[in-house]
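Visitor: Here's a structure for you.
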Amino acid sequence: MRQDQLKCLHQLLLRQRESLLNKNRSFALETREGHVVAGDEADIATGETHRNLSIRLIERERVLVAKIDRALEKISQGTFGNCEECGENLGYSRLKARPVASLCIDCKLAQEKEEQVYA
Ligand SMILES: [Zn+2]
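Take the sequence shown: its position 48, counting from 1, is numbered 49 in the working numbering, and each next residue is one higher.
Next up, the structure:
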């Protein structure tokens, strides 16, 4: 991968991380307010559902932030863009679409197959 491509992906990861963290903050705020205004039982139930959904979303985004952190770490170590299984280069176009990808297509498919077997 060229140096300018790596730089571009680095920027992309930083921007994604930034927007995820900003979104999480507004989510937390929304959830708290939603809980306070909940009046009768129906409202409370809606509030609960909303809060559960928010928690699930926050959880998913937290996982994504962790993946971004790992990708950023790999950039600083000079190992970014290589498949964690076979060491194959993932290629700029795949990383541009999904900068947190850590496996090549072949290893990814193999992993998904395995997950299905044990699911
Ligand atoms: Zn691979």
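C-beta: ideal position from N, C-alpha, C; glycine also. All values derive from a computational prediction rather than experimental measurement.
For ligand 1, which residues count as neighbours when the test is a C-beta closer than 5 Å to any heavy atom?
Guide: Going by the Cβ distance cut-off, the answer is CYS84, GLU86, CYS87, GLU89, CYS105 and CYS108.
Visitor: For CYS87, count neighbouring C-beta atoms within 10 Å of its own C-beta (all shown protein chains included) and say buried if the count is 16 or more, exposed if not.
Guide: Numbered from 1 along the sequence shown, position 86 holds the residue referred to as residue 87. Looking at its Cβ environment, which holds fewer than 16 other Cβ atoms inside 10 Å, CYS87 is exposed.
Visitor: Restricting to Cα atoms, I'd like to know which of VAL101, LYS109 and ILE106 is closest to LEU13.
Guide: Looking up residue 13 in the sequence shown gives position 12. For the residues VAL101, LYS109 and ILE106, the minimum Cα distance to LEU13 belongs to VAL101.
Visitor: Could you please give me the residues that DSSP links to ASN23 through a beta bridge?
Guide: Counting from 1 along the sequence shown, the entry for residue 23 is found at position 22. The partner list for ASN23 (beta bridge, DSSP) is empty, contrary to what the question assumes.
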